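Below is one structure, written out as C-alpha coordinates, with a few remarks after it.
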Amino acid sequence: MKRIAHFGIFVAGLLGVAVATVLVIREGAGGIFGMLATAGWALLWLVPFHLLPIGLDVVGWRRLLRDEPRAGFPFLLWVGGVRESINGLLPVARVGGEMVGVRLVTRRGVAGPVAAASVVVEVSMTLVSQFLFTLIGIFILARTVRDHALLADALVGVSVMLPVIVAFIMLQRHWGLFQLLERLIKAILGRHYPWTGGMAHLDDAVRHLYRQRTVLLTNLFWQLSGMLVGAVEVWVTFRILRHPVSLALAVMLESLGLALRNATFIVPGGLGVQEGGFLLMGAGAGISPEVALAYSLARRFRELAFGIPFLLSWQAVEGHNLRRRWRKNGGAENVPRQHDTV
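Here the numbering used here runs 28 ahead of the position in the sequence shown, where the first position is 1.
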(Lines of atoms letter the chains of each structure in order from A; the text may use other names.)
(Lines give C-alpha, C1' and ligand atoms only; values in the text may rest on other atoms or scores of the structure.)
Protein backbone atom coordinates (compact mmCIF):
# COMPACT_ATOMS: atom_id res chain seq x y z
CA MET A 29 0.00 0.00 0.00
CA LYS A 30 2.83 2.38 0.88
CA ARG A 31 4.57 1.67 -2.44
CA ILE A 32 1.35 2.32 -4.34
CA ALA A 33 0.92 5.67 -2.57
CA HIS A 34 4.51 6.67 -3.33
CA PHE A 35 4.10 5.62 -6.97
CA GLY A 36 0.88 7.65 -7.23
CA ILE A 37 2.58 10.76 -5.84
CA PHE A 38 5.54 10.22 -8.19
CA VAL A 39 3.26 9.93 -11.24
CA ALA A 40 1.28 13.00 -10.15
CA GLY A 41 4.53 14.93 -9.85
CA LEU A 42 5.69 13.89 -13.32
CA LEU A 43 2.35 14.86 -14.84
CA GLY A 44 2.51 18.20 -13.03
CA VAL A 45 5.98 18.93 -14.41
CA ALA A 46 4.78 18.00 -17.90
CA VAL A 47 1.73 20.28 -17.64
CA ALA A 48 3.79 23.21 -16.35
CA THR A 49 6.38 22.75 -19.11
CA VAL A 50 3.73 22.58 -21.84
CA LEU A 51 2.02 25.72 -20.53
CA VAL A 52 5.27 27.70 -20.46
CA ILE A 53 6.25 26.59 -23.98
CA ARG A 54 2.78 27.20 -25.38
CA GLU A 55 2.49 30.70 -23.96
CA GLY A 56 5.99 31.73 -25.03
CA ALA A 57 8.97 30.76 -22.92
CA GLY A 58 11.04 33.65 -24.27
CA GLY A 59 8.66 36.35 -23.07
CA ILE A 60 8.10 34.66 -19.71
CA PHE A 61 11.79 34.23 -18.90
CA GLY A 62 12.44 37.71 -20.27
CA MET A 63 10.17 39.15 -17.57
CA LEU A 64 11.99 37.15 -14.90
CA ALA A 65 15.35 38.34 -16.24
CA THR A 66 14.14 41.94 -16.14
CA ALA A 67 13.09 41.51 -12.50
CA GLY A 68 16.54 40.06 -11.79
CA TRP A 69 17.97 40.13 -8.29
CA ALA A 70 14.96 42.04 -6.96
CA LEU A 71 13.17 38.67 -6.73
CA LEU A 72 15.47 37.81 -3.82
CA TRP A 73 13.56 40.32 -1.67
CA LEU A 74 10.68 37.82 -1.67
CA VAL A 75 12.73 35.36 0.40
CA PRO A 76 13.03 37.41 3.64
CA PHE A 77 9.57 38.90 3.06
CA HIS A 78 8.07 35.41 3.30
CA LEU A 79 9.20 35.19 6.92
CA LEU A 80 6.41 37.67 7.78
CA PRO A 81 3.40 35.39 7.09
CA ILE A 82 5.18 32.44 8.68
CA GLY A 83 5.99 34.56 11.73
CA LEU A 84 2.33 35.51 12.14
CA ASP A 85 1.35 31.84 11.96
CA VAL A 86 3.95 31.06 14.61
CA VAL A 87 2.49 33.67 16.99
CA GLY A 88 -0.81 31.78 16.80
CA TRP A 89 0.90 28.40 17.14
CA ARG A 90 2.63 29.53 20.34
CA ARG A 91 -0.77 30.20 21.92
CA LEU A 92 -1.78 26.60 21.18
CA LEU A 93 1.46 25.49 22.84
CA ARG A 94 0.44 27.54 25.92
CA ASP A 95 3.44 29.84 25.35
CA GLU A 96 5.73 26.94 26.27
CA PRO A 97 9.07 28.56 27.27
CA ARG A 98 11.09 25.67 25.82
CA ALA A 99 9.64 26.46 22.38
CA GLY A 100 10.36 30.15 21.89
CA PHE A 101 9.48 32.27 18.89
CA PRO A 102 12.86 31.99 17.05
CA PHE A 103 12.84 28.19 17.36
CA LEU A 104 9.21 27.88 16.22
CA LEU A 105 9.89 30.27 13.33
CA TRP A 106 12.58 27.87 12.16
CA VAL A 107 10.27 24.88 12.64
CA GLY A 108 7.54 26.72 10.71
CA GLY A 109 9.96 27.27 7.84
CA VAL A 110 10.95 23.60 7.89
CA ARG A 111 7.31 22.49 7.91
CA GLU A 112 6.39 24.67 4.95
CA SER A 113 9.50 23.68 3.01
CA ILE A 114 8.86 19.95 3.50
CA ASN A 115 5.21 20.27 2.49
CA GLY A 116 5.98 22.50 -0.48
CA LEU A 117 9.11 20.89 -1.91
CA LEU A 118 8.99 17.21 -0.96
CA PRO A 119 6.51 14.53 -2.14
CA VAL A 120 4.76 14.11 1.22
CA ALA A 121 1.14 15.01 0.29
CA ARG A 122 1.42 18.13 2.51
CA VAL A 123 1.43 16.16 5.77
CA GLY A 124 5.10 15.28 6.25
CA GLY A 125 5.93 18.77 7.46
CA GLU A 126 3.42 18.51 10.31
CA MET A 127 4.90 15.19 11.47
CA VAL A 128 8.43 16.61 11.41
CA GLY A 129 7.18 19.68 13.29
CA VAL A 130 5.82 17.50 16.10
CA ARG A 131 9.10 15.60 16.21
CA LEU A 132 11.23 18.76 16.46
CA VAL A 133 9.05 20.40 19.13
CA THR A 134 8.94 17.19 21.18
CA ARG A 135 12.71 16.89 20.99
CA ARG A 136 12.88 20.43 22.39
CA GLY A 137 11.32 19.13 25.60
CA VAL A 138 7.61 19.75 25.02
CA ALA A 139 5.37 16.82 26.00
CA GLY A 140 4.45 14.66 23.02
CA PRO A 141 0.64 14.93 23.36
CA VAL A 142 0.89 18.72 23.82
CA ALA A 143 3.10 19.14 20.74
CA ALA A 144 1.00 16.84 18.56
CA ALA A 145 -2.30 18.36 19.72
CA SER A 146 -1.04 21.87 18.96
CA VAL A 147 -0.21 20.89 15.38
CA VAL A 148 -3.48 18.98 14.87
CA VAL A 149 -5.60 21.88 16.11
CA GLU A 150 -3.46 24.37 14.19
CA VAL A 151 -4.13 22.41 10.98
CA SER A 152 -7.86 22.52 11.78
CA MET A 153 -7.71 26.28 12.32
CA THR A 154 -5.76 26.58 9.07
CA LEU A 155 -8.65 24.87 7.28
CA VAL A 156 -11.13 27.28 8.89
CA SER A 157 -9.03 30.35 8.06
CA GLN A 158 -8.48 29.03 4.54
CA PHE A 159 -12.26 28.70 4.14
CA LEU A 160 -12.82 32.29 5.30
CA PHE A 161 -9.97 33.55 3.13
CA THR A 162 -11.43 31.72 0.13
CA LEU A 163 -14.79 33.39 0.75
CA ILE A 164 -13.03 36.77 0.61
CA GLY A 165 -11.43 35.73 -2.67
CA ILE A 166 -14.76 34.61 -4.12
CA PHE A 167 -16.36 37.92 -3.11
CA ILE A 168 -13.63 39.81 -4.97
CA LEU A 169 -13.93 37.40 -7.90
CA ALA A 170 -17.67 38.04 -8.15
CA ARG A 171 -17.14 41.81 -8.20
CA THR A 172 -14.21 41.99 -10.61
CA VAL A 173 -14.41 39.02 -13.00
CA ARG A 174 -17.10 38.38 -15.57
CA ASP A 175 -16.20 34.70 -16.00
CA HIS A 176 -19.30 33.01 -14.55
CA ALA A 177 -17.86 29.52 -15.12
CA LEU A 178 -14.83 30.37 -12.97
CA LEU A 179 -17.09 31.79 -10.26
CA ALA A 180 -19.29 28.68 -10.35
CA ASP A 181 -16.25 26.41 -9.98
CA ALA A 182 -15.03 28.44 -7.01
CA LEU A 183 -18.45 28.23 -5.32
CA VAL A 184 -18.57 24.46 -5.84
CA GLY A 185 -15.11 24.12 -4.33
CA VAL A 186 -15.93 26.17 -1.25
CA SER A 187 -19.22 24.28 -0.75
CA VAL A 188 -17.23 21.03 -0.66
CA MET A 189 -14.73 22.48 1.82
CA LEU A 190 -17.28 23.32 4.51
CA PRO A 191 -18.65 19.82 5.34
CA VAL A 192 -15.13 18.36 5.23
CA ILE A 193 -13.87 20.93 7.75
CA VAL A 194 -16.89 20.46 10.03
CA ALA A 195 -16.55 16.67 9.94
CA PHE A 196 -12.81 16.83 10.67
CA ILE A 197 -13.30 19.08 13.70
CA MET A 198 -16.28 17.10 15.01
CA LEU A 199 -14.25 13.88 14.82
CA GLN A 200 -11.58 15.48 16.97
CA ARG A 201 -13.89 17.11 19.50
CA HIS A 202 -16.51 14.44 20.08
CA TRP A 203 -15.42 11.04 18.76
CA GLY A 204 -11.72 10.79 19.53
CA LEU A 205 -10.28 10.83 16.01
CA PHE A 206 -6.96 9.26 16.94
CA GLN A 207 -8.44 6.48 19.03
CA LEU A 208 -10.69 5.67 16.07
CA LEU A 209 -7.61 5.51 13.85
CA GLU A 210 -5.85 3.38 16.45
CA ARG A 211 -8.70 0.87 16.49
CA LEU A 212 -8.77 0.79 12.68
CA ILE A 213 -5.02 0.14 12.43
CA LYS A 214 -5.23 -2.44 15.21
CA ALA A 215 -8.01 -4.25 13.34
CA ILE A 216 -5.80 -4.35 10.23
CA LEU A 217 -2.53 -5.35 11.95
CA GLY A 218 -4.02 -7.53 14.66
CA ARG A 219 -1.45 -8.84 17.14
CA HIS A 220 1.32 -7.05 15.21
CA TYR A 221 0.05 -3.63 16.38
CA PRO A 222 3.02 -2.15 18.32
CA TRP A 223 1.40 0.67 20.37
CA THR A 224 -1.26 0.63 23.03
CA GLY A 225 -3.10 3.50 24.72
CA GLY A 226 -1.01 6.41 23.48
CA MET A 227 -3.74 7.89 21.31
CA ALA A 228 -6.07 8.47 24.27
CA HIS A 229 -3.65 11.06 25.70
CA LEU A 230 -3.49 12.80 22.32
CA ASP A 231 -7.28 12.95 22.03
CA ASP A 232 -7.50 14.39 25.56
CA ALA A 233 -4.94 17.09 24.69
CA VAL A 234 -6.83 17.97 21.50
CA ARG A 235 -10.16 18.24 23.36
CA HIS A 236 -8.50 20.44 25.98
CA LEU A 237 -7.43 22.91 23.28
CA TYR A 238 -10.88 22.96 21.69
CA ARG A 239 -12.37 24.01 25.03
CA GLN A 240 -10.20 27.17 25.01
CA ARG A 241 -12.20 29.35 22.64
CA THR A 242 -10.13 32.48 23.22
CA VAL A 243 -6.97 30.61 22.25
CA LEU A 244 -8.67 29.24 19.11
CA LEU A 245 -9.92 32.68 18.06
CA THR A 246 -6.48 34.18 18.68
CA ASN A 247 -4.89 31.50 16.52
CA LEU A 248 -7.49 32.06 13.81
CA PHE A 249 -6.80 35.80 13.85
CA TRP A 250 -3.04 35.34 13.41
CA GLN A 251 -3.48 32.77 10.67
CA LEU A 252 -5.83 35.03 8.70
CA SER A 253 -3.38 37.88 9.20
CA GLY A 254 -0.63 35.68 7.79
CA MET A 255 -2.72 34.89 4.72
CA LEU A 256 -3.43 38.56 4.11
CA VAL A 257 0.29 39.32 4.36
CA GLY A 258 0.80 36.49 1.87
CA ALA A 259 -1.48 38.42 -0.48
CA VAL A 260 0.74 41.48 -0.01
CA GLU A 261 3.63 39.26 -1.11
CA VAL A 262 1.69 38.52 -4.32
CA TRP A 263 1.18 42.27 -4.84
CA VAL A 264 4.92 42.90 -4.31
CA THR A 265 5.84 40.11 -6.75
CA PHE A 266 3.76 41.61 -9.56
CA ARG A 267 5.36 44.99 -8.93
CA ILE A 268 8.83 43.44 -9.14
CA LEU A 269 7.77 41.87 -12.46
CA ARG A 270 6.73 45.40 -13.56
CA HIS A 271 3.11 44.39 -14.10
CA PRO A 272 1.39 45.81 -10.99
CA VAL A 273 -2.04 44.60 -9.90
CA SER A 274 -4.45 45.94 -7.30
CA LEU A 275 -4.25 44.68 -3.73
CA ALA A 276 -7.78 43.26 -4.06
CA LEU A 277 -6.74 41.23 -7.10
CA ALA A 278 -3.67 40.00 -5.20
CA VAL A 279 -5.94 38.80 -2.37
CA MET A 280 -8.13 36.96 -4.89
CA LEU A 281 -5.15 35.25 -6.54
CA GLU A 282 -3.61 34.23 -3.22
CA SER A 283 -6.83 32.95 -1.65
CA LEU A 284 -8.04 30.91 -4.62
CA GLY A 285 -4.51 29.77 -5.44
CA LEU A 286 -4.03 28.43 -1.91
CA ALA A 287 -7.40 26.68 -2.00
CA LEU A 288 -6.60 25.03 -5.33
CA ARG A 289 -3.15 23.91 -4.22
CA ASN A 290 -4.43 22.46 -0.95
CA ALA A 291 -7.27 20.67 -2.75
CA THR A 292 -4.72 18.96 -5.02
CA PHE A 293 -2.34 18.03 -2.20
CA ILE A 294 -1.48 14.71 -3.86
CA VAL A 295 0.52 16.61 -6.53
CA PRO A 296 3.99 17.43 -5.12
CA GLY A 297 4.40 21.18 -4.82
CA GLY A 298 1.20 21.70 -6.82
CA LEU A 299 3.30 21.29 -9.98
CA GLY A 300 1.22 22.18 -13.01
CA VAL A 301 -1.82 22.85 -10.83
CA GLN A 302 -0.47 26.21 -9.65
CA GLU A 303 0.51 27.24 -13.17
CA GLY A 304 -2.83 26.25 -14.68
CA GLY A 305 -4.77 27.87 -11.85
CA PHE A 306 -3.02 31.23 -12.15
CA LEU A 307 -3.44 31.06 -15.93
CA LEU A 308 -7.22 30.65 -15.60
CA MET A 309 -7.65 33.19 -12.81
CA GLY A 310 -5.38 35.65 -14.57
CA ALA A 311 -7.34 35.34 -17.80
CA GLY A 312 -10.55 36.14 -15.96
CA ALA A 313 -8.94 39.14 -14.26
CA GLY A 314 -7.32 40.58 -17.38
CA ILE A 315 -3.79 39.32 -16.69
CA SER A 316 -2.03 38.04 -19.81
CA PRO A 317 -0.94 34.36 -19.87
CA GLU A 318 2.73 35.38 -20.06
CA VAL A 319 2.46 37.54 -16.94
CA ALA A 320 0.48 34.89 -15.03
CA LEU A 321 3.07 32.20 -15.78
CA ALA A 322 5.95 34.57 -15.04
CA TYR A 323 4.37 35.21 -11.64
CA SER A 324 3.97 31.46 -11.04
CA LEU A 325 7.64 30.84 -11.89
CA ALA A 326 8.72 33.76 -9.67
CA ARG A 327 6.77 32.12 -6.87
CA ARG A 328 8.54 28.82 -7.60
CA PHE A 329 11.86 30.64 -7.37
CA ARG A 330 10.93 32.05 -3.96
CA GLU A 331 9.80 28.61 -2.75
CA LEU A 332 13.15 27.09 -3.72
CA ALA A 333 15.30 29.96 -2.46
CA PHE A 334 13.37 30.02 0.82
CA GLY A 335 12.87 26.29 1.29
CA ILE A 336 16.23 24.74 0.41
CA PRO A 337 18.16 26.45 3.27
CA PHE A 338 15.50 25.30 5.74
CA LEU A 339 15.65 21.73 4.42
CA LEU A 340 19.45 21.71 4.65
CA SER A 341 19.39 23.10 8.20
CA TRP A 342 16.82 20.46 9.19
CA GLN A 343 19.03 17.70 7.76
CA ALA A 344 22.01 19.16 9.61
CA VAL A 345 20.06 19.01 12.89
CA GLU A 346 18.90 15.45 12.22
CA GLY A 347 22.45 14.42 11.35
CA HIS A 348 23.79 15.99 14.55
CA ASN A 349 21.19 14.18 16.66
CA LEU A 350 21.93 10.90 14.89
CA ARG A 351 25.68 11.23 15.56
CA ARG A 352 25.01 12.14 19.19
CA ARG A 353 22.83 9.04 19.68
CA TRP A 354 25.45 6.89 17.96
CA ARG A 355 28.19 8.20 20.24
CA LYS A 356 26.00 7.70 23.29
CA ASN A 357 25.18 4.13 22.34
CA GLY A 358 28.80 3.42 21.43
CA GLY A 359 29.99 4.87 24.72
CA ALA A 360 27.47 2.80 26.66
CA GLU A 361 28.74 -0.37 24.97
CA ASN A 362 32.37 0.45 25.83
CA VAL A 363 31.74 1.17 29.52
CA PRO A 364 32.92 -1.87 31.56
CA ARG A 365 30.29 -3.64 33.57
CA GLN A 366 30.58 -3.44 37.35
CA HIS A 367 31.09 -7.18 37.85
CA ASP A 368 33.91 -7.17 35.28
CA THR A 369 35.94 -4.64 37.29
CA VAL A 370 35.64 -6.37 40.65
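We put the CB at the ideal spot given by N, CA and C, even for glycine.
Keep in mind that this is a model prediction, so the values were computed, not measured.
Presumed contact (8 Å Cβ cut-off) between residue i and residue j, rounded CB distance
i: I114; j: V120; result: 6 Å
i: V110; j: L132; result: 7 Å
i: L74; j: R328; result: With 8 Å as the limit, L74 and R328 do not qualify as a contact, their Cβ atoms being about 11 Å apart.
Buried versus exposed, by CB contacts within 10 Å (16 or more), residue i
i: Q343; result: exposed
i: Y221; result: For Y221, the pLDDT reaches just 44, beneath the cut-off of 50, and the residue's location in the model is therefore unreliable, leaving the point undetermined.
i: R98; result: exposed
i: R239; result: exposed
i: M89; result: Correcting the residue identity first, residue 89 is Trp in this sequence and not Met. Result: buried.
i: M309; result: buried
i: L284; result: buried
i: L340; result: exposed
i: A67; result: buried
i: P317; result: buried
C-alpha gap between residue i and residue j, whole angstroms
i: D232; j: L160; result: 28 Å
i: G314; j: G335; result: 31 Å
i: G258; j: H78; result: 7 Å
i: R235; j: A322; result: 45 Å
i: L80; j: R201; result: 31 Å
i: A33; j: T292; result: Note that A33 scores a pLDDT of 49, beneath 50, so its modelled location is shaky and nothing firm can be said.
i: A144; j: R135; result: 12 Å
i: L84; j: V194; result: 24 Å
i: S146; j: P272; result: 38 Å
i: M189; j: T242; result: 24 Å
i: G254; j: V138; result: 25 Å
i: L325; j: W263; result: 15 Å
i: G100; j: R91; result: 11 Å
i: L256; j: R270; result: 21 Å
i: V86; j: L104; result: 6 Å
i: I268; j: L71; result: 7 Å
i: E261; j: P76; result: 11 Å
i: V142; j: V128; result: 15 Å
i: V173; j: A311; result: 9 Å
Length at least 4, wholly inside the region 124 to 166: the alpha helix (DSSP H) runs in chain order: 124 to 135
Segment contact, 8 Å Cβ cut-off, at least three pairs: the region 152 to 171 with the region 121 to 136: With the rule of 3 Cβ pairs closer than 8 Å, the region 152 to 171 does not count as touching the region 121 to 136.
Given 8 Å, three or more beta-carbon pairs between the region 146 to 157 and the region 236 to 250: yes
Cβ pair count under 8 Å reaching 3, the region 272 to 281 against the region 185 to 194: Segments in contact, no.
Ranges of the alpha helix (DSSP H) found wholly within the region 89 to 129, counting only runs of at least 4: Listed in chain order, the complete alpha helix (DSSP H) runs (minimum 4 residues) inside the region 89 to 129 are 101 to 117.
Start-end ranges of the alpha helix (DSSP H) lying completely within the region 226 to 307, minimum 4 residues: 226 to 238, 241 to 268, 275 to 291
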